[in-house]
């Protein structure tokens, strides 16, 4: 073995991993948030992939854009329009969240308050849209609607997975809104100004973007494909 | 309250950073609009599905790399997160193959 090469790699490793600093250059809390998000990503992968398996094993499958083709306050057929609006709302609330993080880096309390407020509004709007979508799906078009065991549109698995996947995602959005509100409340109270940094905003930001990320996949694999 | 706030130095808005955020946001919007166009113009099939999958990966990349800032973190952290999720590919292959086999057994 080449002794100089070994020495070189040892020094490189010692520099990064000999303690005293985070080798990943992030705080403990942020690292733990990332690890949590990886495990949560597995949960969602499990749900979406098993959805795929059930779909592949069925002989027929409803076309999602024909099922979800209603728009509130109207009776026109508008495939994908409503879910498209929901997607834009969630992306937009992700954008306001990045702006809140950016304001936090500058210690701009007013900026964080403003953008966190809009992020919470976006989350609540998304949840309201989802509530309408669920209600419409459950009541159906007069042929019995959908539940966990029956489904007027096709195989019961389609409805069951719809409730499980969008429900699990919606629960994430709901807890995201609650956590965002707590952070907003603390910001208004001046907790983070006193602490000297706004890292908590970055941590909830990670969670909120993850929720947006999951929706991107749910949108594609439940509504588009 | 006032004295507390006066101690904190608020830096001015970083215009370049905000412009970068808006650029990423516009990319996400354009990709989503493109997905809609594809949804209404192409007939269902392998091509349509692969376009959707590619578009989804592009969107996921921008959200994780820019919004979640992972693209600007340490290499070790990036791999710690990306490597385990790559393993999901096998889960997809295995379960979809299993699903097709069940369908063959049941209906043919």
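Chains as they are written, first to last, in the numbering used here: chain B, 293 to 517; chain S, 17 to 124. Using N, Cα and C, we set each Cβ at its ideal position, and we do this for glycine too.
Item	Value
Residues of chain B with CB closer than 8 Å to the CB of residue 119 (chain S), please, in chain order.	348, 349, 350, 351
Could you list which residues in chain S have their beta carbon closer than 7 Å to that of residue 359 (chain B), in chain order?	Going along chain S, no residue has its Cβ under 7 Å from residue 359 (chain B), so there is no contact; the nearest lies around 14 Å.
So, using beta-carbon positions, are residue 392 (chain B) and residue 469 (chain B) closer together than 9 Å?	no
Kindly indicate if chain S contains any beta-carbon less than 9 Å away from that of residue 479 (chain B).	no
State yes or no: is the C-beta of residue 337 (chain B) within less than 9 Å of the C-beta of residue 104 (chain S)?	yes
Output the boundary residues of the alpha helix (DSSP H) element that contains residue 35 (chain S).	31 to 57
Exposed or buried, residue 57 (chain S), counting other C-beta atoms within 10 Å across all chains shown (16 or more means buried)?	exposed
Between the segment 56 to 73 of chain S and chain B, which residues of the former have a C-beta closer than 9 Å to a C-beta of the latter?	56, 60, 64, 65, 68, 69, 71, 72
For residue 340 (chain B) and residue 509 (chain B), what's the separation of their Cα atoms in angstroms?	9 Å
What's the C-alpha gap between residue 308 (chain B) and residue 89 (chain S)?	14 Å
Across which residues does DSSP place residue 438 (chain B) in a beta bridge pair?	B:443
Within 9 Å (strictly less), CB to CB, does residue 39 (chain S) reach chain B?	no
Just reading off the alpha helix (DSSP H) that residue 401 (chain B) is part of, what are its end residues?	401 to 431
Got a sec: is the Cβ-Cβ distance from residue 35 (chain S) to anything in chain B below 9 Å?	no
Can you find at least 3 beta carbon pairs, one from the segment 38 to 58 of chain S and one from the segment 78 to 98 of chain S, that sit closer than 8 Å?	yes
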